[in-house]
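Chemist: Residue numbers for the sequence shown, in numbering that gives the first Met the number 0: 0 to 792.
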Amino acid sequence: MRRIAALLIPLLSSPALAAIDLEIKPEDIQLSNPSPQEGEIVQIAVTVHNIGDEPLPPAEDVEVWLYEGPPDDEDTLRIPTLNTITELPPGGSGQINARWRARAGVKKLFARVDPENRFAEEDETNNQASIELNVEEFRPPEVTPQQIREAIRKGVEWIKSQQGEFFRRCPLDGSENPLVLKICRYDTISLLGLPIEKRPSKAWDPISGVGATALAVFTLLAAGLDENDPAVRDGLDYLMSYDWSRENDVYAYAMLIPALVATGNKERYLSMVQHAVDFLASRQLLAEDGFSDRDDGGWGYGSLADMAHMQYVMYALYAAKQWEEVEIPKKTILRAVKWVKTTQFHNGGWSYNLVESPFSEGPYGSMTATGVMALKAAGVPITDEHLRKGIEWLERHYTVTSNPGSLQWRYYYLLTLMRALDIPPRQEKLAGRDWYKEGAAFLISTQKPDGRWVDLEEYFPTTCFAVLFLTRYNPRPRAPDLGISKEGIEINPEVAREGSPVSIKLTISVGGRGFEGRVPIAIYDGDPSVGGELIKRVELTVPKGMNLVTTLINWKARRPGYHRIFVKIDPENELEELYEWNNLAYREMEVKGEAKKVSGRFKRIAPGVYKLGNLILDTNAGRIEIPGKVNQVAGVIEYLACGRYGKLHESVFVLDTEPVYLFLALLRLGLKPGGGVRVRGDPRRPKGDEVEIIIEWEENGVKRSARAEQFILDVTTGKPMERTNWVFTGSRVVGGRLMAQASKSFIATYRDPDALINNPLPGGADDTVYRVNSDFIPPKGTPIKMIIRPARD
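(1) Pro70 and Arg793 - do their beta-carbons sit closer together than 8 Å?
(2) Rounded to whole angstroms, how far is the Cβ of Glu256 from the Cβ of Val231, which I believe are closer than 8 Å?
(3) Using the three-state DSSP reduction, which class does Phe290 fall into: helix, strand or coil?
(4) According to DSSP, is Ile43 helix, strand or coil?
(5) So the candidates are Phe109, Ser302, Lys610, Gln36; which of them puts its Cα closest to the Cα of Phe290?
(6) Are at least three pairs of beta-carbons, each pair with one atom in the region 502 to 520 and one in the region 546 to 563, less than 8 Å apart?
(7) Just to confirm the assignment, what range does the alpha helix (DSSP H) spanning Gln283 have?
(8) Kindly list the residues whose CB is nearer than 6 Å to the CB of Gln36, restricted to its own chain and excluding five residues on each side of it in sequence; keep chain order.
(9) Where does Cys169 fall in DSSP's three states?
(10) Please go through the region 432 to 485 and give each complete beta strand (DSSP E) segment of 3 or more residues, from N-terminal end onward.
(11) Between Gly634 and Thr618, what straight-line distance do the alpha-carbon atoms span, to the nearest angstrom?
(12) Can you name, in chain order, every residue of its own chain whose Cβ lies under 6 Å from the Cβ of Ile746, other than the five neighbours on each side?
(13) With 16 as the cutoff for other CB atoms within 10 Å, does Phe514 come out buried or exposed?
(14) Please work out which residues of its chain come closer than 7 Å, Cβ to Cβ, to Gln740, disregarding the five sequence neighbours upstream and downstream, and give them in chain order.
(15) So, at 8 Å on beta carbons, what are the nonlocal neighbours of Lys329 in its own chain, with the 5 sequence-adjacent residues on each side left out?
(16) Please state the DSSP three-state secondary structure of Val676.
(17) Just the C-alpha distance for Asn125 and Ala103, rounded to the nearest angstrom, thanks.
(18) Measuring CB to CB, does Ile40 end up less than 8 Å from Ala128?
(19) Can you list, in chain order, the stretches of the beta strand (DSSP E) that have 3 or more residues and sit fully within the region 521 to 553?
(20) So the beta strand (DSSP E) His562 belongs to, where does it begin and stop?
(21) Checking 8 Å against the spacing of the C-beta atoms, do Tyr286 and Asp292 come in under that value?
(22) For the putative contact between Thr367 and Trp392, defined by C-beta atoms under 8 Å, what is the C-beta separation to the nearest angstrom?
(23) Tell me which residue opens and which closes the alpha helix (DSSP H) that Val231 is part of.
(24) Can the beta-carbon of Gly525 be found closer than 8 Å to that of His648?
(25) Less than 8 Å between the C-beta atoms of Gly378 and Leu577, yes or no?
(26) Buried or exposed for Val453, please, with buried defined as at least 16 other CB atoms from any protein chain shown within 10 angstroms of its CB.
(27) Under 8 Å: do the region 675 to 689 and the region 774 to 781 share three or more Cβ pairs, one atom per stretch?
(28) Pick out the complete alpha helix (DSSP H) segments inside the region 284 to 366, 4 residues or longer, and give them in chain order.
(29) CB-CB under 6 Å to Thr398, same chain, minus the five flanking residues each way: which ones, in chain order?
(30) Quick one: grab the DSSP three-state call for Ile623.
(31) Rounded to whole angstroms, what's the CA-CA distance from Phe165 to Ser200? Just pull it up for me.
(32) Mapping the DSSP letters down to three states, classify Phe217 as helix, strand or coil.
(33) Kindly indicate which three-state DSSP category Gly735 falls into: helix, strand or coil?
(34) Does the region 318 to 336 touch the region 429 to 441, meaning 3 or more C-beta pairs lie closer than 8 Å?
(35) Could you compute how far the alpha carbon of Gly163 sits from the alpha carbon of Ala215?
(36) Is there contact between the region 553 to 567 and the region 584 to 594, where contact requires at least three CB pairs shorter than 8 Å?
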């Protein structure tokens, strides 16, 4: 009997549980054409089977994600699907559909069902399948300059033919409807097949807004027409007589500026260009105006910034920059650069934004080209890591027949690609290919006999995009633009012994109109704006036509601790340039001295009060007190506080204790570090328990105190740093060594994995956002007491 019970126990304790089991097999992936040509639209159908015993839970649906390569490769492009599966009973099947523009080469398409593991299944190993296909490469024929000119001419004639009001009349109420509408705007009656009516007008498609007219005029001017051409003249008259006071569309103003600048007529259009620039600056989404920190620095619909708006706005500001009389706020440019950089994916690509992407699943071509264009238009040197990674993404996914990662907008992609690569410094080849010649060949092969181009559907701007690509038009820079980035400074070695030789290699980027001659450069140990020590002045010769020039200097490492090596181009501001913000950059290095041993034993000095070095831990009051002094009274910072041999060139305060003491004291208060900072400037919010930081000091015999944020200026707002709690992240431990102790990094404003405490605000991802609040801070050397306590809110 006991033996029978023993046999029954496993059966009674582990009943077979009924469950869903979703399955995809290779034969379940069907293509409308298994041997397509590059750029051809392929219909994809994927059948999913439920071979389990249970149906889908009520109100749940199944997703299938499609990929152009291995799903776990972060660089693989996603293929957007058109639907989900809403019902799937046991033994049942469902189908999802997708459309994909084939890209050249041997492609392995993957389908993965329930990719986010929302359902508990009997078996998840059957949730993925793949098929392989060979896509025939588009081999562009040789095209001649004459063919390109003829394609432009035909496109121009078609654009001219579209001047006027085109509409379809609703048969029910007689209302006029733009051609883009498929049903009447006031009811559900179809407009397809109804006759197109035209009314003479100086504008293009005025029913839909003023933007189409601005784009048409700009395209015609870019194609070589001038103000005396009747179509251009009428379009400009319409734009200048338009009541802009009732216009709030960012796109409209952004398309207006390049059109007016392209005329070259400052006398007539300068004031309107300035008005449009002022409007765009006023519509930038700013955190201090109540918008999300995520969208700070961008433009978009309502309160959500997107890269499509960034394309038009940054190109407009770049065009306006070529008229030196136009005033563009520096902070507008810098905050836009910040937004673009913080929205870049790790693989180098960009999407519509980080919240939603109506035209793709993940990064795609036109938005990545926009990211590159926006940074170059803003003066970011081409040595910059974000630019380099963006261009590398475009190289890896090179094509001229589609918008990689998206079904739509392939002609818009070509335009953004041209702007990204042609805004100086020009890049004639991409992935070793002549992108312009191949793009022109593709456009000539797809132009309609009447001169227009059509993507998925009729859309007037498509032809403008194609013509603008073929003209290769961009505003001509009025001045050179010399720039230096952190990546353009190479220090060898980056960790040196005191007194040992160090080599500093500089790479200067040459953009704008180009430059030939000698450029003065100064190298400093520390921020020159706050007394950094001059290492050397050099004059760099820039040959004609060079985009990058380098020089090498030698230096002997001095003073143990962390050093910030600054490079300033044209330190006396003798040269005329498009931008000057990009003339200064720095790189960090460490100079090592003799190591110092520290003890980690607390000394009890009163009930509940302990001392560790000069640090006081009061467990009764729940606070830590650390003595220190004011270290920096002006300039850019990356730290609120560091130790004696820490990064003194970028820290508000220097504390007279050891990082390991603070680490132990925070733990003793019951606080838990959370980490979450992977790299310097990590865009993710740090994790860990939060603390408040108070500074006490004495001024003219009067004791004063203030929150730490008051001592820091946010350059994007011109105001003190936003009130915040700070995050106890802890520090990396490498080889058993607490890196905060090694680097003397206590509290970082620019997020640092080695710092004990980090700034949680979005500005913590940008090393240019914070400076010392010189109007508030006491004189350098003033003794202070820093109080750190668990956050109260």
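Cβ atoms here follow ideal geometry from the backbone N, Cα and C, with glycine treated the same way.
Modeler: Let me lay it out:
(1) Residue 793 is absent from the structure shown; the chain starts at 0 and stops at 792.
(2) Taking the first residue of the sequence shown as position 1, residue 256 is located at position 257. Taking the first residue of the sequence shown as position 1, residue 231 is located at position 232. Looking at the sequence provided, one finds Ile at residue 256 rather than Glu. Their Cβ separation, rounded to whole angstroms, is 16 Å, which puts Ile256 and Val231 out of contact at 8 Å.
(3) Reading the sequence shown from its first residue, position 291 is the one you call residue 290. In the structure shown, Phe290 sits in coil (DSSP, three-state: anything other than H, G, I, E or B).
(4) Here residue 43 refers to the residue found at position 44 of the sequence shown. The answer is strand: DSSP assigns Ile43 an E or B state.
(5) Residue numbering aside, residue 290 sits at position 291 when the sequence shown is read from its first letter. The alpha carbon of Phe290 has as its nearest neighbour, out of Phe109, Ser302, Lys610, Gln36, the alpha carbon of Ser302.
(6) yes
(7) Here residue 283 refers to the residue found at position 284 when the sequence shown is read from its first residue. Here Gln283 belongs to no alpha helix (DSSP H), and DSSP marks it neither H nor E.
(8) In the sequence shown, the residue the question calls residue 36 occupies position 37. Cβ within range, chain order: Glu135.
(9) The residue labelled residue 169 in the question sits at position 170 within the sequence shown. Reduced to three states, the DSSP call for Cys169 is coil.
(10) 479 to 482
(11) Within the sequence shown, the letter at position 635 stands for residue 634. Within the sequence shown, the letter at position 619 stands for residue 618. Approximately 36 Å between the Cα atoms of the pair.
(12) Within the sequence shown, the letter at position 747 stands for residue 746. For Ile746, where only same-chain residues beyond five positions count, the Cβ hits under 6 Å are Leu639, Ala640, Ile756.
(13) By one-based count along the sequence shown, residue 514 stands at place 515. Residue environment for Phe514: buried (at least 16 other C-beta atoms within 10 angstroms of its C-beta).
(14) Your numbering for residue 740 matches position 741 in the sequence shown. Glu657, Pro658, Val659, listed in sequence order.
(15) Position 330 of the sequence shown, counted from the start, is the residue given in the question as residue 329. Here the set comprises Trp580.
(16) Within the sequence shown, the letter at position 677 stands for residue 676. In this structure, Val676 counts as coil in the three-state DSSP scheme.
(17) Position 126 of the sequence shown, counting from 1, holds the residue named residue 125. Position 104 of the sequence shown, counting from 1, holds the residue named residue 103. Asn125 and Ala103: Cα-Cα distance of roughly 29 Å.
(18) For the purposes of this step, residue 40 is taken as residue 41 along the sequence shown, with counting starting at 1. For the purposes of this step, residue 128 is taken as residue 129 along the sequence shown, with counting starting at 1. Not closer than 8 Å, so no.
(19) 532 to 541
(20) By 1-based counting over the sequence shown, the position of residue 562 is 563. Unbroken beta strand (DSSP E) run through His562: 560 to 568.
(21) Stepping through the sequence shown from its first residue, residue 286 is reached at position 287. Stepping through the sequence shown from its first residue, residue 292 is reached at position 293. The sequence shown places Ala at residue 286, rather than the Tyr named in the question. Contact flag set, yes.
(22) Against the sequence shown, residue 367 aligns to sequence position 368. Against the sequence shown, residue 392 aligns to sequence position 393. Confirmed, about 5 Å.
(23) As a first step, residue 231 must be located in the sequence shown, where it is residue number 232. Residues 229 to 240.
(24) Along the sequence shown, read from residue 1 onward, the residue named residue 525 stands at position 526. Along the sequence shown, read from residue 1 onward, the residue named residue 648 stands at position 649. Contact: yes.
(25) The sequence position of residue 378 within the sequence shown is 379, counting from 1. The sequence position of residue 577 within the sequence shown is 578, counting from 1. Result yes, Cβ atoms of Gly378 and Leu577 sit closer than 8 Å.
(26) Counting from one through the sequence shown, the residue named residue 453 turns up at place 454. When all chains shown are included, Val453 counts as exposed.
(27) no
(28) The region 284 to 366 contains these whole alpha helix (DSSP H) runs: 306 to 320, 329 to 341.
(29) Start at 1 with the first residue of the sequence shown, and residue 398 comes out as number 399. The answer, listed in chain order, is Arg102.
(30) Along the sequence shown, one-based indexing puts residue 623 at 624. Strand, per DSSP.
(31) By one-based count along the sequence shown, residue 165 stands at place 166. By one-based count along the sequence shown, residue 200 stands at place 201. Whole-angstrom Cα-Cα distance: 10 Å.
(32) Mapped onto the sequence shown, residue 217 falls at position 218. Here Phe217 sits in helix by DSSP.
(33) The sequence position of residue 735 within the sequence shown is 736, counting from 1. The answer is coil: DSSP assigns Gly735 none of H, G, I, E or B.
(34) no
(35) On the sequence shown, residue 163 is found 164 positions in, with the first residue counted as 1. On the sequence shown, residue 215 is found 216 positions in, with the first residue counted as 1. The alpha-carbon atoms of Gly163 and Ala215 are separated by roughly 12 Å.
(36) yes
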